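Q: Numbering (this note's numbering), first residue to last: 196 to 368.
Glycine is no exception: its CB is placed at the ideal position from the N, C-alpha and C atoms.
Note that the structure is a prediction, hence the values are computed from the model and not measured.
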């Protein structure tokens with residue numbers, strides 16, 4: 196579920212709902228032009244998507260972390276598991292933490308299923324080593340680990356998807 200609002204070449208507010216089929220090819224479930232990125236607009240889109248899908252609701256959703264989008268998902272799809280986009284998280288880690296060691300470790304944690312205790316132990320060791328204990332973004336992202344840590348997402352099928360890149364490619368097109 197991606198809304199690359201007002202950043203594409205034509206500045207068109209396009210939302211794309213996509214996934215993959217059994218051959219790992221992109222499948223578009225729906226698209227919409229929206230006038231903004233409010234919780235209400237996203238809720239309407241999710242209700243409309245659900246209706247178009249014969250009442251079937253997605254069980255897993257990957258987003259870029261937009262707060263309005265996450266609230267709408269929680270309100271309309273309370274049983275869906277939300278995952279944050281790998282690419283967006285890595286971009287933010289690069290900008291906010293400014294540490295290649297941290298960025299590398301963070302990327303591993305998003306891909307590898309560590310035992311829960313090991314995940315937290317390694318997190319705090321690297322955060323300390325990189326001098327990021329007081330970094331607000333690092334603190335916040337750790338609190339949100341249920342949305343990105345592979346270890347904590349193993350109970351949900353995401354069809355091998357970790358990012359919103361398929362949607363963004365379509366928006367760029």
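Which partner residues does residue 247 have in the DSSP bridge list?
A: In the DSSP output, where bridge partners are listed per residue, residue 247 has none listed.
Q: Report the rounded CA-to-CA distance for residue 304 versus residue 339, giving the unit in angstroms.
A: Their Cα atoms are separated by approximately 13 Å.
Q: For residue 260, which of helix, strand or coil comes out of DSSP?
A: Coil.
Q: Out of curiosity, what's the CA-to-CA distance linking residue 260 and residue 336?
A: Distance between the alpha carbons of residue 260 and residue 336 is about 11 Å.
Q: Answer yes if the segment 205-224 comes into contact with the segment 265-279, meaning at least three C-beta pairs across the two stretches below 8 Å, and no otherwise.
A: No: the two stretches stay apart, fewer than three of their Cβ pairs being nearer than 8 Å.
Q: Determine, using beta carbons only, whether residue 349 and residue 308 come nearer to each other than 8 Å.
A: Yes, Cβ-Cβ distance for residue 349 and residue 308 is below 8 Å.
Q: What distance in whole Å lies between the Cβ atoms of residue 225 and residue 212, which are believed to be in contact at a cut-off of 8 Å?
A: Contact holds; Cβ gap of about 4 Å.
Q: Go through its chain and collect everything with a Cβ distance to residue 242's Cβ below 7 Å, but skip five positions before and after it.
A: 271.
Q: Give every residue of the same chain whose Cβ lies closer than 6 Å to the Cβ of residue 326, excluding the five residues on either side of it in the sequence, and list them in chain order.
A: Nothing listed; no residue qualifies.
Q: I believe residue 332 touches residue 269 by the beta-carbon criterion, under 8 Å. Please report the beta-carbon distance rounded to the nearest angstrom.
A: Contact doesn't hold; Cβ gap of about 22 Å is too wide.
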